[in-house]
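S.K.: Listed in order, the protein sequences are those of chains S and X. For the first sequence, UniProt numbering gives the first residue as 1, with consecutive numbering after it. For the second sequence, UniProt numbering gives the first residue as 1, with consecutive numbering after it. For glycine and all other residues, C-beta sits at the position ideal for the given N, C-alpha and C. Nothing here was measured: the structure is a model prediction, and the numbers come from that model.
2 protein chains.
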Amino acid sequence: MRIGALSHLTGASERALRYYEEQGLLRPLRRPSGYREYTDDHVHTVRSIRTLLAAGLGTATIAEVLPCMVDEGGQLAAACPDLLADLARERNRITAAMDELRAAREMLDAIIAAPVPPEAAQALDCDEAVGTGAGAPRTRSS
Amino acid sequence: MRIGALSHLTGASERALRYYEEQGLLRPLRRPSGYREYTDDHVHTVRSIRTLLAAGLGTATIAEVLPCMVDEGGQLAAACPDLLADLARERNRITAAMDELRAAREMLDAIIAAPVPPEAAQALDCDEAVGTGAGAPRTRSS
DNA sequence: CTAAACCCTCACGTTGACGTCAGAGTCAAC
DNA sequence: GTTGACTCTGACGTCAACGTGAGGGTTTAG
């Protein structure tokens, strides 16, 4: 398949796919014309990449991790202790990030679920500042 | 307290604290000299800001949320339906992000805990590429 | 055989939350 | 009253993962 099809299948833009290759995460074959040719394996690879990117890993780290996930299910392990240490650190980072997300979500929940005292409902008019009355909210777009 | 002390207490850099003020998240008093003067409340505010930033909220959204959290425990609710919709969207984003983090962590766990076949341990020499043997890993620093 | 759709390689632009440096004023201790 | 730590306001730099054309070949349906 060519880059357009892979883009459609994975949700990654063509630019992103070329960027992944540039960073050493993807190595498609090339037609004589220069066109990139991808296989079905690349679909899974791209999904893995996106998951790890979403988790905050950088492309450099992902490039080291990807070879350890060749065929899913019976994949290789990380051989180098350096990489293993990196992965452990990333794992800790991810766990910490999840804790932060949990805390932030509870914060929002507290605000969303908070009872609205009728007096406060009058005071807050959605077009006026709330605090000391000196500043209006910033530009609010979208 | 002045900006250095607040920075020390919260872990936020002085630059970050000035930036928060610039974005309307913080409104310290000013001495005649121009020095910023913070109160103990600001410590909690900054911590809230950092939590929400870590959750992926932008400063503009946080600026709208902060007035709803004046005194912790018995805080006001969001009055504007616009803001409420924003918060619900953010909440969904956060939950989705947590799911992605979970998936990525399981991915890493699978690699970390994977058994190392002795043949593969030989093949991977930590200084050589793994795939087709055409390219070495990128520059690896730190 | 031609036109639309697809793809290529540069290469500069974007976004958000700050880092960093310059030049200058302020505060606290001695 | 002076030194050294602290703070101020600009204002440009950074970093990562792309977005966005420009200018030009390639493929394929008719």
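Taking 9 Å as the CB-CB limit, is Met69(X) close to chain S?
M.R.: Closer than 9 Å: yes.
S.K.: Tell me, please, which residues DSSP counts as bridged to Leu29(X).
M.R.: Paired residues: Glu37(X).
S.K.: Should Ala104(S) be labelled buried (16 or more other beta-carbon atoms within 10 Å of its own) or exposed?
M.R.: That one is buried.
S.K.: Do Pro28(X) and the ligand FAD come close, with the Cβ less than 8 Å from some heavy atom?
M.R.: Ligands in the displayed structure: none, and consequently the ligand FAD is not present.
S.K.: Between which two residues does the alpha helix (DSSP H) carrying Gly11(S) extend?
M.R.: It is not in any alpha helix (DSSP H) - Gly11(S) carries neither H nor E in the DSSP assignment.
S.K.: If you check the beta carbons only, do Leu26(S) and Tyr20(S) fall under 9 Å apart?
M.R.: A contact, by the Cβ cut-off of 9 Å.
S.K.: Ordered along the chain, which non-local residues of its own chain (more than five positions away) have a Cβ less than 7 Å from that of Ser141(S)?
M.R.: For Ser141(S), the pLDDT reaches just 34, beneath the cut-off of 50, and the residue's location in the model is therefore unreliable, although a value from the coordinates is still provided. No residues qualify anywhere along the chain.
S.K.: If you reduce the DSSP assignment to three classes, tell me which class Gly4(X) lands in.
M.R.: The answer is helix: DSSP assigns Gly4(X) an H, G or I state.
S.K.: Does the contact criterion of 3 or more C-beta pairs under 8 Å hold for the stretch 82–95 of chain S versus the stretch 47–67 of chain S?
M.R.: Contact between the stretch 82–95 of chain S and the stretch 47–67 of chain S is present, because at least three Cβ pairs lie under 8 Å.
S.K.: One question on the structure: do Ala97(S) and Gly56(S) come within less than 9 Å of each other, judged by their Cβ atoms?
M.R.: Against a cut-off of 9 Å, the Cβ pair of Gly56(S) and Ala97(S) comes out as a contact.
S.K.: In the DSSP assignment, find the alpha helix (DSSP H) that holds Pro81(S) and state where it starts and stops.
M.R.: Element bounds for Pro81(S): Pro81 to Ala113.
S.K.: Work out the CA separation of Thr51(X) and Arg31(X) for me, nearest whole Å.
M.R.: Approximately 29 Å, taken between the alpha carbons.
S.K.: Could you work out which residue in Cys68(X), Glu22(X), His8(X) and Arg93(X) is closest to Ile112(S) when comparing CA atoms only?
M.R.: Comparing Cα positions, the closest option is Cys68(X).
S.K.: What span of residues does the alpha helix (DSSP H) with Ala63(S) cover, start to end?
M.R.: It spans Thr59 to Val65 - the alpha helix (DSSP H) in which Ala63(S) sits, taken as one unbroken run.
S.K.: Just the Cα atoms here: how many angstroms apart are Met107(S) and Asn92(X)?
M.R.: Straight-line Cα distance between these residues: approximately 13 Å.
S.K.: Here's a check: name, in chain order, each residue in its chain whose Cβ is nearer than 8 Å to the Cβ of Leu6(S), leaving out the five neighbours to either side.
M.R.: Cβ within range, chain order: Ala12, Leu17, Tyr38, His42, Val43 and Val46.
S.K.: Closest to Ser33(X) by C-alpha separation, out of Ala110(X), Asp109(X), Glu100(X) and Arg2(X), would be which residue?
M.R.: Selected option, being the one with the closest Cα: Arg2(X).
S.K.: By how many angstroms is the C-alpha of Gly58(S) removed from the C-alpha of Thr95(X)?
M.R.: Computed Cα separation, rounded: 22 Å.
S.K.: In angstroms with no decimal places, state the Cα-to-Cα distance between Asp109(S) and Asp40(X).
M.R.: Distance between the alpha carbons of Asp109(S) and Asp40(X) is about 24 Å.
S.K.: Cα separation between Arg36(S) and Ala54(X)?
M.R.: Their Cα atoms are separated by approximately 38 Å.
S.K.: State the Cα-Cα distance for the pair His8(S) and Glu14(S), rounded to the nearest angstrom.
M.R.: Approximately 9 Å, taken between the alpha carbons.
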